[in-house]
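Undergrad: Let me begin by handing over the structure; questions about it come next.
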Amino acid sequence: MVATETVITNTAVTENVEIATEAHGGGFDQDLSVWGMYQNADVVVKTVMIGLLLASVITWALFLSKGSEILVARRRLKDEAKAIAEVKSLDEAVSIADGFKANSITRMLLAEATTERALSASSQDLSGIKDRTAFRLERSVAAISRYMGRGNGYLATIGAISPFVGLFGTVWGIMNSFIGIAHSQTTNLAVVAPGIAEALLATAIGLIAAIPAVVIYNIFARMINNYRGQVGDVAAQAALLLGRDLDLANSKAR
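First residue of the sequence shown: 1, per the UniProt record's numbering; consecutive thereafter.
Below, the structure written as structure tokens:
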């Protein structure tokens, strides 16, 4: 008699689990691949996933475009700095720089020095001319660095907020899973697992978007800092040449 009641009870529980599982969408019969979990996810979770994937695309697009831009700029500036490293006067450096490309950083910095020299041609205050030239060159170096650093802010933002956006999608998905559990009145794994897996996928995508963004941001920050140092070296060379020209001209005038 007891054995018969046990069999009946087990049969009833099994039927209830099957009904709850079917109500949830099939339980483990659901497609638990990445694409399948995306298709079965709530509209809010889908929106979060799409946003994070777009952020990841932006990250890799910046990596390819910005990375190549910085590498080319550093190589070009290195060659230009080498070309004017041994010159003896500002005019000689300008003559060599005329052969560089129109958007040459070296040409621009040398032009700043020659412009200040022309504007201060009637001044006898050599120290003032040198200070004004140094100020012009410092502003140019800062402007060039800001220009080269454009786009890095997007990487910092993506790296900072993507995990939290993914976490929001996960929390939302788990809330829906608990609501489904309440409606089905069962905690069977076949009912709970698919919804939680879909929710956790949002966090995984958030990390996929954030980790490369943080790594690439740090790489670019280091590369831009090195590039700024190169620009500063060229600016120092321009200031040195101008100072030498002024001192030699002053010595001859005595």
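All C-beta atoms in this analysis are idealised placements derived from N, C-alpha and C, irrespective of residue type, glycine included.
These figures come from a predicted structure and were not determined experimentally.
(1) Would residue 79 and residue 172 qualify as a contact pair, given that the criterion is a beta-carbon distance under 8 Å?
(2) Can you give me the Cβ contacts of residue 116 inside the same chain, cut-off strictly under 8 Å, excluding the 5 residues immediately before and after it?
(3) Starting from residue 146, trace the alpha helix (DSSP H) in both directions and tell me its first and last residue.
(4) Whether or not the region 166 to 182 and the region 195 to 211 are in contact is what I'm after, with contact meaning three or more pairs of Cβ atoms, one per stretch, closer than 8 Å; do they touch?
(5) Could you give the first and the last residue of the continuous alpha helix (DSSP H) run that contains residue 174?
(6) What's the call for residue 66, buried or exposed, on a 16-neighbour Cβ count within 10 Å?
(7) Look at the alpha carbon of residue 45 and the alpha carbon of residue 196, and state the distance between them as a whole number of angstroms.
(8) Near residue 217, what residues of its chain come up, given a Cβ to Cβ distance below 8 Å and the 5 sequence neighbours on each side ignored?
(9) CA-CA distance, residue 126 and residue 91?
(10) Are the beta-carbon atoms of residue 208 and residue 56 separated by less than 8 Å?
TA: In this structure, then:
(1) Not in contact: residue 79 and residue 172 (Cβ atoms no closer than 8 Å).
(2) The residues are 129, 132, 133, 136, 242.
(3) 126 to 148 is the extent of the alpha helix (DSSP H) around residue 146.
(4) Enough Cβ pairs lie closer than 8 Å, so yes.
(5) Under the DSSP assignment, residue 174 falls in the alpha helix (DSSP H) whose first and last residues are 152 to 184.
(6) By the 16-neighbour rule on beta-carbons within 10 angstroms, residue 66 is buried.
(7) In a straight line, the C-alpha of residue 45 is about 12 Å away from that of residue 196.
(8) Sequence-distant partners of residue 217 (beyond 5 residues in either direction) whose C-beta falls short of 8 Å from its own C-beta, in its chain, are 152, 155, 156, 159.
(9) Rounded to whole angstroms, residue 126 to residue 91 spans 18 Å at the Cα level.
(10) The answer is yes: Cβ separation under 8 Å.
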